[in-house]
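Each residue of the sequence shown is one higher than the last, beginning at 187 in the working numbering. By construction, the Cβ of each residue, glycine as well, lies at the ideal position given by its N, Cα and C atoms. Since this is a predicted model, take the numbers as computed values, not measurements. Below is one structure; the comments refer to it alone.
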Amino acid sequence: MRINFFRFRYLNMPFSISFGRSFFKKIEFAIKISCFIHFIGEHVTEVTMCIGPSMLPTFNMFGDIVALEHFSPKLKRLDIGDVVVCISPTNPWRAICKRIIGMPGDRICIDPTVPRGHIWLQGDNMSNSTDSRSYGPVPYALVRGRVFARIWPQTCWIKNGMIPLQDE
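What follows is the structure in structure tokens.
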């Protein structure tokens, strides 16, 4: 009488079966958490760094960590004076952090009118900023989100300080 030793050995080992099941449960949980974090980062809020002199004195030159929310651009609730992070119109692998100066239909001194579906962006440090004065109006679709807080250094809320002018 011959006994299949291999089959007998592994069928009677509940530890290996339970270990395998728990391992796959942990992998499944890790995948779910990763998907949730990705969803939050793409559709709700994200943390990024603004580096460069173009937004002085609002942000430091050597990099402030800022939080941005993704609801305002998707709901088209951006306004003049909001600070936004966009994909650079000249280099799609780079993000830029600028303030909205013009909305569709606004007349800007440099260019006659901001076209529909575009916004005009400028840095706060206008003497040292590559912005819409260089590359023109930016398509609304390139806006990743509106900056609402600086996280580091000196945590603070970023508010729209623009006062609308009254038409005469």
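Taking the C-beta atoms as reference points, N346 is found no nearer than 8 Å to L242. For secondary structure counted as the beta strand (DSSP E) over 3 or more consecutive residues, the segment 292 to 334 holds these complete runs in sequence order: 304 to 308. Sixteen is the threshold: when 16 or more other Cβ atoms of the shown chains lie within 10 Å of the Cβ of C272, as they do, the residue is buried. Following the DSSP letters along the chain, one finds K260 in no beta strand (DSSP E) but inside the alpha helix (DSSP H) bounded by residues 257 to 260. Shown here, I286 sits in a strand according to DSSP, grouped into three states. By the Cβ test, the segment 259 to 267 is not in contact with the segment 214 to 222, since fewer than three Cβ pairs between them sit closer than 8 Å.
According to the DSSP secondary-structure assignment, C272 is paired through a beta bridge with I282, V329.
With fewer than 16 other Cβ atoms from the protein chains shown falling within 10 Å of its own Cβ, R207 counts as exposed.
When secondary structure is reduced to three states using DSSP, R336 falls in the strand class. In the DSSP assignment, the residues bridged to M235 are I251. Excluding residues up to 5 positions away in sequence, C272, P275, H304, I305, L307, S318 lie with their Cβ nearer than 7 Å to the Cβ of V324 in the same chain. C-alpha of V230 to C-alpha of E255: approximately 6 Å in a straight line.
Check the Cα spacing between M247 and each of F334, A253, M235: the tightest is with M235.
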